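Inspection log for the structure reproduced underneath, given as structure tokens.
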Amino acid sequence: MNRSLAPGHRPSLPERRPQPVVPAAALPAPMLDPRAADPGDDDAINLKNYWRILVKRKWLVLSVLTTVLAVVLVKTLLTPSVFRAGATLQIDQDTIKIIQSEGLTPAEGVGDRDYYQTQYELLRSRSLAERVAASMSPDLVAQLLAQRAPGLWTRLSGSGTAEAEDAPAAEPGRDEIATFVQSRLSVEPVRNSRLVRIHFDSLDPAFSATMANAIADAFIATHIDRRFEASAYAKNYLEDRLQQLKQKLEESEKQLVQFAQAQGIVSIDQQQSPAAQELQSINASMATAQQRRIEAESKYRRSQTTASDALPEVLLSSSVAQLKTKRAELLGEYQEKLRIFKPGYPAMEQIKGQIDEVDKQLASEIGRIKGSIRSEFDAASSAESMLGQRLAELKAQMLDLQGRSIQYNIIKREVDTNRELYDGLLQRYKEIGVAGGITANNISVVDRARAPASRFSPNLSRNLLLGLLAGIAAGVFLALLFEHLDDTIKSPDEVEQKFGLPILGVIPRILRGSPLEALKDPRSAFSESYRSVRTALQFSTETGVPRTLFVTSSAPGEGKSTTALTLSMHFAQLGKRVLLIDADLRNPTLHQSLRVPNSAGLSNYLSGASRPLKFLHPTHVKNLACLCSGPLPPNPAELLAGPRMVTLLRLAAASFDQVIVDGPPVLGIADAAILANLSGGTLLVIEAGSTRLGYARGVLRRLSAARARVLGVVMTKLDPRQGGANHAYGDYGYYAYGSRPKLAKLEAPRARRA
Numbered sequence: 191m192n193r194s195l196a197p198g199h200r201p202s203l204p205e206r207r208p209q210p211v212v213p214a215a216a217l218p219a220p221m222l223d224p225r226a227a228d229p230g231d232d233d234a235i236n237l238k239n240y241w242r243i244l245v246k247r248k249w250l251v252l253s254v255l256t257t258v259l260a261v262v263l264v265k266t267l268l269t270p271s272v273f274r275a276g277a278t279l280q281i282d283q284d285t286i287k288i289i290q291s292e293g294l295t296p297a298e299g300v301g302d303r304d305y306y307q308t309q310y311e312l313l314r315s316r317s318l319a320e321r322v323a324a325s326m327s328p329d330l331v332a333q334l335l336a337q338r339a340p341g342l343w344t345r346l347s348g349s350g351t352a353e354a355e356d357a358p359a360a361e362p363g364r365d366e367i368a369t370f371v372q373s374r375l376s377v378e379p380v381r382n383s384r385l386v387r388i389h390f391d392s393l394d395p396a397f398s399a400t401m402a403n404a405i406a407d408a409f410i411a412t413h414i415d416r417r418f419e420a421s422a423y424a425k426n427y428l429e430d431r432l433q434q435l436k437q438k439l440e441e442s443e444k445q446l447v448q449f450a451q452a453q454g455i456v457s458i459d460q461q462q463s464p465a466a467q468e469l470q471s472i473n474a475s476m477a478t479a480q481q482r483r484i485e486a487e488s489k490y491r492r493s494q495t496t497a498s499d500a501l502p503e504v505l506l507s508s509s510v511a512q513l514k515t516k517r518a519e520l521l522g523e524y525q526e527k528l529r530i531f532k533p534g535y536p537a538m539e540q541i542k543g544q545i546d547e548v549d550k551q552l553a554s555e556i557g558r559i560k561g562s563i564r565s566e567f568d569a570a571s572s573a574e575s576m577l578g579q580r581l582a583e584l585k586a587q588m589l590d591l592q593g594r595s596i597q598y599n600i601i602k603r604e605v606d607t608n609r610e611l612y613d614g615l616l617q618r619y620k621e622i623g624v625a626g627g628i629t630a631n632n633i634s635v636v637d638r639a640r641a642p643a644s645r646f647s648p649n650l651s652r653n654l655l656l657g658l659l660a661g662i663a664a665g666v667f668l669a670l671l672f673e674h675l676d677d678t679i680k681s682p683d684e685v686e687q688k689f690g691l692p693i694l695g696v697i698p699r700i701l702r703g704s705p706l707e708a709l710k711d712p713r714s715a716f717s718e719s720y721r722s723v724r725t726a727l728q729f730s731t732e733t734g735v736p737r738t739l740f741v742t743s744s745a746p747g748e749g750k751s752t753t754a755l756t757l758s759m760h761f762a763q764l765g766k767r768v769l770l771i772d773a774d775l776r777n778p779t780l781h782q783s784l785r786v787p788n789s790a791g792l793s794n795y796l797s798g799a800s801r802p803l804k805f806l807h808p809t810h811v812k813n814l815a816c817l818c819s820g821p822l823p824p825n826p827a828e829l830l831a832g833p834r835m836v837t838l839l840r841l842a843a844a845s846f847d848q849v850i851v852d853g854p855p856v857l858g859i860a861d862a863a864i865l866a867n868l869s870g871g872t873l874l875v876i877e878a879g880s881t882r883l884g885y886a887r888g889v890l891r892r893l894s895a896a897r898a899r900v901l902g903v904v905m906t907k908l909d910p911r912q913g914g915a916n917h918a919y920g921d922y923g924y925y926a927y928g929s930r931p932k933l934a935k936l937e938a939p940r941a942r943r944a
């Protein structure tokens with residue numbers, strides 16, 4: 191290094207060999223993805239994040255809760271006391287049966303639920319309210335007028351009270367009273383029972399009890415009236431229907447008689463008709479005659495085909511048997527005398543004549559038997575034929591009668607049906623006339639209403655509890671809503687999850703004083719957090735911290751210059767030769783923090799007015815030199831993009847161990863992209879709770895387009911009271927260990943020895 195070019199250079203600093211500066215474009219660019227995975231895509235519920243949001247916005251939640259409780263308290267105190275009286279009714283199922291007939295029994299209802307729900311709606315009905323309004327006495331109407339409470343604004347202002355008391359109240363109409371009754375009435379079914387409670391709310395406890403009892407009585411009276419109306423309607427309906435059926439029955443009976451006379455029908459009853467009885471008898475006789483004819487025909491045919499002597503009738507005949515016996519005797523006698531006498535002997539002739547006479551008699555008897563068989567067959571056939579003719583005649587008569595009795599039966603059935611309907615309706619009409627709709631009432635009052643001893647509403651404790659729950663819910667909702675609408679980066683986790691960049695350090699917010707004052711205390715949380723950034727940078731790459739480190743941010747005021755200055759001081763404390771370059775040629779601030787002149791500097795060199803490293807200034811920090819920005823040029827981007835800036839960084843890297851460049855913000859200008867491309871590494875500064883996600887994504891896109899080597903992110907101004915202490919990068923109370931008296935006493939000798 192040419193010492194004449196660096197008047198602020200300390201001679202105690204050792205010289206180093208010149209080392210070339212490798213621009214970021216020549217280094218492997220890290221994989222930057224400004225559209226990294228958003229943790230919002232994760233469905234897992236992180237309760238710690240919700241708790242952090244609530245702690246962060248606890249004042250909003252408390253404000254909303256206090257406001258809601260105050261409004262509830264004021265409204266409760268200003269609301270008039272309302273008294274509720276209740277009467278209990280028992281409602282049993284009942285069905286009015288008008289017509290009863292076999293197989294058509296009216297059902298009791300679709301279901302218990304439908305029936306009781308119908309009764310509840312009848313209790314809430316307009317007709318019941320109008321009936322109660324019509325039955326109210328003038329005293330009750332006057333009490334009803336007193337129930338009209340003044341409005342909230344009237345009670346708050348106190349105006350209009352005297353006028354309201356002096357002005358006569360207009361008497362309400364029936365519709366208005368019914369509306370009032372309906373609005374103050376509530377029905378409460380008792381679960382798993384047939385009981386129902388009727389509640390009435392008003393400003394007067396006695397009036398509430400009176401109205402509840404009046405509604406119960408009116409409901410029972412309405413139910414009874416409905417029964418009487420149903421009975422009266424049924425009676426009138428049955429009278430008309432009986433008259434119609436009576437006329438129809440008379441007409442059908444006349445039509446039946448006229449048709450029977452015209453057709454000559456006496457009776458078509460199968461058991462009373464003579465033709466039917468005769469037909470039945472003829473059928474039986476016909477079967478017997480057919481059997482006899484068959485038997486006779488069988489005998490006759492057998493007599494024609496069988497020898498006469500072999501016929502059963504002949505064999506069984508006693509006359510034939512006697513004649514055969516006599517003939518056998520004569521033949522025996524003839525044979526016996528034939529031994530003695532010759533056939534011509536008179537005695538023999540006489541015997542032979544007797545035998546011939548017996549044979550004639552036997553032949554005559556057999557012929558007579560055969561004739562009787564033939565006669566029996568002829569008689570059976572004749573009887574069968576006559577019975578068949580008579581049966582045919584009776585069948586023709588019955589068929590003719592049945593054909594003529596079709597219309598007769600139709601008319602007769604109509605007569606029978608009309609007679610049954612008439613008798614049934616007449617019996618039901620007599621029953622309804624006797625009963626008159628007076629049956630056991632299925633609705634009864636179990637407990638009558640009494641004047642309540644305490645008010646029903648407003649309930650201060652209940653309202654406050656509901657207000658507390660509503661206030662907490664509203665506060666939490668608004669806190670989560672504002673947090674959702676707030677798209678700023680609030681925690682280091684968001685940087686890692688949304689952009690995929692490592693967090694090199696988290697810098698706490700300074701609640702009192704300036705950053706330089708906080709740096710004076712090496713044991714403060716502010717100093718310790720930057721030491722952690724320095725340590726993280728040493729492990730950010732394989733070769734350690736890049737020789738040229740560019741520090742930038744998305745927008746002004748995020749702590750970029752403070753980070754560059756503090757890191758320079760901490761690297762200098764390690765014994766490194768550090769050069770801090772203020773490359774923000776638009777709004778430089780390092781010369782104010784280091785209290786060095788800014789009359790000449792980087793802009794002079796870049797414009798060709800001086801040699802490199804001519805305007806270096808020593809600082810109060812050992813091993814730290816500063817190159818200020820110099821006069822503000824009109825064209826910063828053109829100067830930074832020139833070759834002189836590359837030469838400057840190469841010479842600075844050759845002469846110093848560490849070169850830190852404090853550049854301008856990335857958004858809106860091209861200076862930061864040029865410097866990021868020329869530097870060996872880029873450090874992005876993000877302010878917690880201020881930098882928006884869109885801005886940060888835009889910064890990363892521009893740095894990626896410039897092929898910048900982004901080492902990581904430093905999050906500044908993180909408030910531990912808003913949940914930052916929950917981050918895993920450490921407890922800032924531990925960073926501030928110098929505030930602990932015992933540790934301070936232990937560390938003091940070490941500091942003195944050092």
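All the letters of the sequence shown, read from the start, carry residue numbers 191 to 944 under my numbering. We treat Cβ as the ideally placed atom computed from N, Cα and C, and that holds for glycine. Just so you know, these numbers come straight off a predicted model, no measurement behind them.
Query                                                                                                                                                                              : Result
Can you check whether the CB of L428 is closer than 9 Å to the CB of R618?                                                                                                         : yes
Round the Cβ separation of L868 and M835 to the nearest angstrom and send it over; I've been treating them as touching at under 8 Å.                                               : 6 Å
Take V504 and list the residues in its own chain whose beta-carbon comes closer than 7 Å to its own, dropping the five residues that flank it on each side.                        : S498, V510, I556 and I559
Could you name the residues of the same chain whose beta carbon sits closer than 7 Å to that of I601, not counting the 5 residues immediately before and after it, in chain order? : S442, Q445, L446 and F449
Below 8 Å, can you find three or more Cβ-Cβ pairs linking the region 562–578 to the region 476–488?                                                                                : yes
Measure how close the beta-carbons of T753 and V875 come, nearest whole angstrom, since I'm counting them as under 8 Å.                                                            : 5 Å
Would N473 be called buried (16 or more neighbouring beta carbons within 10 Å of its own) or exposed?                                                                              : exposed
Name the residue from A582, Q579 and L658 whose alpha carbon lies nearest to the alpha carbon of V254.                                                                             : L658
For my contact list, M759 and L817 are in at a C-beta cut-off of 8 Å; report their separation, rounded to the angstrom.                                                            : Contact flag wrong, Cβ pair sits at about 16 Å.
From what residue to what residue does the alpha helix (DSSP H) around V371 run?                                                                                                   : R364 to R374
When you compare only the Cα positions, how much space is there between S819 and A895?                                                                                             : 26 Å
Is the separation between the beta-carbon of L830 and that of I864 shorter than 9 Å?                                                                                               : yes
Rounded to the nearest angstrom, what separates T515 and Q540 at their Cα positions?                                                                                               : 18 Å
Could you tell me the distance, in whole angstroms, from the CA atom of L469 to the CA atom of T607?                                                                               : 31 Å
For the alpha helix (DSSP H) that E686 lies in, which residues bound it at each end?                                                                                               : P682 to F689
If V849 and L769 are in contact, beta carbons under 8 Å, what's the gap, nearest whole angstrom?                                                                                   : 5 Å
If you follow the alpha helix (DSSP H) that S783 is in, where does it begin and where does it stop?                                                                                : L780 to L784
Starting from T881, follow its DSSP beta bridges and name the residues at the other end.                                                                                           : DSSP, once it has assigned bridges, lists no residue as partnering T881.
Which same chain residues end up closer than 7 Å to T400 when comparing Cβ atoms and leaving out the 5 residues on each side of it in sequence?                                    : L330
Could you say which of F397, I700, K804 and L755 lies nearest to S327 if we only look at CA atoms?                                                                                 : F397
Taking DSSP as the reference, what is the three-state secondary structure of P712?                                                                                                 : coil
Exposed or buried, what is R179 when buried is set at 16 or more other beta-carbons lying within 10 Å of its beta-carbon?                                                          : Any answer about residue 179 is impossible in this case: the structure gives the chain only from 191 up to 944.
Considering Q512, what are the terminal residues of the alpha helix (DSSP H) in which it resides?                                                                                  : S508 to L528
Hey, would you say D861 sits closer than 9 Å to L775, going by beta carbons?                                                                                                       : yes
Which residues share a DSSP beta bridge with F740?                                                                                                                                 : V851 and T872
If you scan the region 469–508 from start to end, which runs of the alpha helix (DSSP H) of 4 or more residues do you find wholly inside it?                                       : 502–506
Who does R387 pair with in a DSSP beta bridge?                                                                                                                                     : T278 and E378
With 16 as the cutoff for other CB atoms within 10 Å, does L501 come out buried or exposed?                                                                                        : buried
Should N794 go down as buried or exposed, given a rule of 16 or more other Cβ atoms within 10 Å for buried?                                                                        : buried
Since D676 is in the beta strand (DSSP E), which residue starts that stretch and which ends it?                                                                                    : Where D676 is concerned, there is no enclosing beta strand (DSSP E), given that its DSSP letter is neither H nor E.
Taking 7 Å as the limit between beta carbons, can you name the residues of its chain near L616, skipping five residues before and five after?                                      : L432
In angstroms with no decimal places, state the Cα-to-Cα distance between A842 and V851.                                                                                            : 11 Å
Opposite S392 in the DSSP bridges: which residues?                                                                                                                                 : F273
Between the region 820–827 and the region 739–751, do three or more beta carbon pairs fall short of 8 Å?                                                                           : no
What residues in its chain sit with their C-beta under 7 Å from that of K680, if we drop five residues either side in the sequence?                                                : A878 and G879
Only counting the same chain, and skipping five residues up and downstream in sequence, which positions put a Cβ closer than 7 Å to that of P395?                                  : F273, A275, A641 and P642
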